[in-house]
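Worksheet for the structure shown next.
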Amino acid sequence: MLLRLTGLALLCCSALWFETALAHTSYTVTDDNKLDPQTYRGYLLYRNWCARCHGTFAQGLAGPNLAKSLAQSSKDEFMQVLISGKTGRSGVMPAWRDNQQVMNGREQLYNYLRARADNAIGPVQPQQGPK
Ligand code: HEC
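Using numbering that gives the first Met the number 0, you'd call the opening residue of the sequence shown number 0 and step up by one each time.
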């Protein structure tokens with residue numbers, strides 16, 4: 000009986016831990032570079048609007064390496080900078096609040112960059128894969 004209870008408690012804890020650990024994992028990567036359709040859409044937005052300053056696959060150019068940056072900051076911080084912009088040591092990050100495409104796709108955009116930050120996909124050309 001005691002053993003069964005302990006087992007149950009363990010199960011609960013590991014489930015909780017698992018959920019916390021995966022809380023920000025809302026992308027799927029298969030075969031190293033195939034993104035689920037939503038995350039692939041995020042990549043396309045990234046390519047259209049962000050790559051010229053942050054590098055083709057977010058590895059950094061005039062603007063900082065976003066794979067590194069996201070590994071060290073929260074989703075809230077990301078959204079804040081995206082919406083309102085930021086001026087710092089490396090220059091001016093424009094505000095995107097008036098860009099409907101970027102605003103509507105900000106979750107997908109974040110997921111692509113999150114996948115880069117988690118190293119689920121490297122600095123390689125993504126393809127659209129299964130859901
Ligand atoms: C005109 C160039 C330019 C474009 C386009 C641009 N950024 Fe930036 N971004 C910058 C610069 C420069 C910084 C660094 C500002 C600073 O010195 O703090 C920055 C900073 C950021 C940061 C904060 C990172 C950090 O480490 O401080 C995020 C997040 C970010 N950009 C996301 C994006 C996203 C997403 C897009 C596309 C929708 C985008 N940026 C488009 C230039 C750009």
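Beta carbons: idealized from backbone N, C-alpha and C, even for Gly.
_Rounded Cβ spacing between L112 and Y39 (contact assumed at less than 8 Å)_ = Translated into the one-based positions of the sequence shown, residue 112 becomes position 113. Translated into the one-based positions of the sequence shown, residue 39 becomes position 40. That pair is no contact at about 13 Å.
*asked:* Looking only at its chain, what residues have a beta carbon closer than 6 Å to the beta carbon of S83, apart from the 5 residues adjacent to it on each side?
replied: The residue you call residue 83 lines up with position 84 of the sequence shown. Shown here for S83: same chain residues with a beta carbon closer than 6 Å to its own, the five before and five after excluded, namely A94 in chain order.
*In whole angstroms, what is the alpha-carbon distance linking L60 and P122?*
Here residue 60 is taken as the residue at index 61 of the sequence shown, counted from 1. Here residue 122 is taken as the residue at index 123 of the sequence shown, counted from 1. So the alpha carbons of these two residues sit roughly 13 Å apart.
*Can the beta-carbon of Y26 be found closer than 7 Å to that of N110?*
Mapped onto the sequence shown, residue 26 falls at position 27. Mapped onto the sequence shown, residue 110 falls at position 111. A contact, by the Cβ cut-off of 7 Å.
_On the criterion of 16 or more Cβ atoms from any shown chain inside 10 Å, does G87 qualify as buried, or is it exposed?_
Here residue 87 is taken as the residue at index 88 of the sequence shown, counted from 1. By the neighbour-count rule (16 or more Cβ atoms within 10 Å), G87 is not buried but exposed.
*Report the residue from P36, D97, C52 and A116 whose alpha carbon sits nearest the alpha carbon of S73.*
By one-based count along the sequence shown, residue 73 stands at place 74. Of P36, D97, C52 and A116, the residue nearest in Cα terms is A116.
_What ranges does the beta strand (DSSP E) occupy inside the region 26–111, keeping only unbroken runs of at least 3 residues that lie completely in it?_
With a minimum length of 3 residues, the continuous beta strand (DSSP E) runs that stay inside the region 26–111 are 85–87 and 90–92.
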